[in-house]
Amino acid sequence: MSFLTYLLVRPFVFVLFAIISSPIPLALVWLANFIEEHDALRPFKFLVAIPFLFWLFAVGWMVHQTTHRMILEYKSFFTATKESLSYARLCLSFLPVVGHWFEPKETDEDEKQKDTYGDQLRRIVSILQRSGFAPSVRGDSAARFVYAEHSGRAVELSHDGVGFFVELFEQPAETSVRDHQQETIEHATKQAVDWLSRSAAS
Numbered sequence: 123m124s125f126l127t128y129l130l131v132r133p134f135v136f137v138l139f140a141i142i143s144s145p146i147p148l149a150l151v152w153l154a155n156f157i158e159e160h161d162a163l164r165p166f167k168f169l170v171a172i173p174f175l176f177w178l179f180a181v182g183w184m185v186h187q188t189t190h191r192m193i194l195e196y197k198s199f200f201t202a203t204k205e206s207l208s209y210a211r212l213c214l215s216f217l218p219v220v221g222h223w224f225e226p227k228e229t230d231e232d233e234k235q236k237d238t239y240g241d242q243l244r245r246i247v248s249i250l251q252r253s254g255f256a257p258s259v260r261g262d263s264a265a266r267f268v269y270a271e272h273s274g275r276a277v278e279l280s281h282d283g284v285g286f287f288v289e290l291f292e293q294p295a296e297t298s299v300r301d302h303q304q305e306t307i308e309h310a311t312k313q314a315v316d317w318l319s320r321s322a323a324s
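Read in order, the letters of the sequence shown are residues 123 to 324 in this note's numbering.
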């Protein structure tokens, strides 16, 4: 039933995103017409197709992510869109050269929590919160770790001074499925978000 609802809602979400982002394709159409009117520029007209295809892919990706959160996680359009944009930013941070432009920035609330737990765990909690989850810090002192659960799955993330340890669980038995060692917070949190975003049945 949820999948059928997803298929029915998806076209409406696509229309909304297409309208919101319509200045982009309209500007590309204007640019294509401008190039067509100038003989010297006509050989470069095909280049307009590159940003258009990128726009089409971005809209399709946002539609899928937002609809998934609305139907399967029962979130509002605004909340689902915000979380999808946050996840997109996290994914873009892995791009070479320009990836650092998209790395999650610390907020004032993050600064207020500095004395509550270590900087590394604080950043992990912040990123997971912006991705729509409700992480918590467990343990004491050096044994502290971040715990989050969603849709029948759970994850624990910790920092050992060298790298980031990610342990994945299936609920309700809390059976450890596998664990990984990641070099950066971005890689650790992306793996956690990917794991939590899928249902336990998948």
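Cβ coordinates follow ideal geometry from the N, Cα and C atoms, glycine included.
From which residue to which residue does the alpha helix (DSSP H) around residue i run?
| i | result |
| --- | --- |
| L243 | D241 to R252 |
| S319 | I307 to S319 |
| V135 | S124 to I142 |
| F156 | P145 to E158 |
Can you give me the Cβ contacts of residue i inside the same chain, cut-off strictly under 8 Å, excluding the 5 residues immediately before and after it?
| i | result |
| --- | --- |
| M217 | Note on identity: in this sequence residue 217 is Leu, with Met being the wrong assignment. Only F224 meet the Cβ criterion. |
| T238 | A caution first: T238 carries a pLDDT of 42, below 50, which makes its placement in the model too unreliable to give a value. |
| L207 | M184 |
| I157 | L163, R164, F166, K167 and V170 |
| F330 | This structure gives no information on residue 330, because the portion of the chain shown stretches from 123 to 324. |
Taking residue i as the reference, give the member of the options with the closest Cα.
| i | options | result |
| --- | --- | --- |
| V268 | T201, G274, L279 and D262 | L279 |
| R275 | L290, G285, S248 and F286 | L290 |
| H309 | K204, L126 and I246 | I246 |
| G261 | R252, G240, S273 and S253 | G240 |
| D282 | H272, S273, E292 and I307 | I307 |
| E292 | Q303, W317, K312 and K197 | W317 |
| F125 | V181, H186 and R211 | H186 |
| I141 | P165, V181 and L214 | V181 |
| F255 | Y209, N155 and V284 | Y209 |
| V135 | H222, F199 and L214 | F199 |
| K197 | S253, H302 and V284 | S253 |
Within the same chain, show all residues whose beta-carbon is closer than 6 Å to that of residue i, passing over the 5 residues directly before and after it, in chain order.
| i | result |
| --- | --- |
| S319 | none |
| L250 | P257 and A270 |
| T211 | A quick correction: the sequence has Arg, not Thr, at residue 211. Excluding sequence neighbours, R211 sits near F224. |
Can you name the start and end residues of the beta strand (DSSP E) that residue i belongs to?
| i | result |
| --- | --- |
| S280 | R275 to H281 |
| V259 | S258 to R260 |
| H272 | F267 to H272 |
| F286 | F286 to E292 |
Quick one: residues in its chain with C-beta nearer than 7 Å to the C-beta of residue i, no 5 flanking neighbours on either side, listed in chain order?
| i | result |
| --- | --- |
| V131 | T189, M192 and I193 |
I'd like to know if the region 173 to 180 and the region 146 to 160 are in contact, where contact means that at least 3 CB-CB pairs between them fall below 8 Å.
Contact holds: three or more Cβ-Cβ distances are below 8 Å.
Completely contained alpha helix (DSSP H) runs for the region 173 to 200, where each covers 4 or more residues:
For the region 173 to 200, there is no continuous alpha helix (DSSP H) assignment of 4+ residues that stays within its boundaries.
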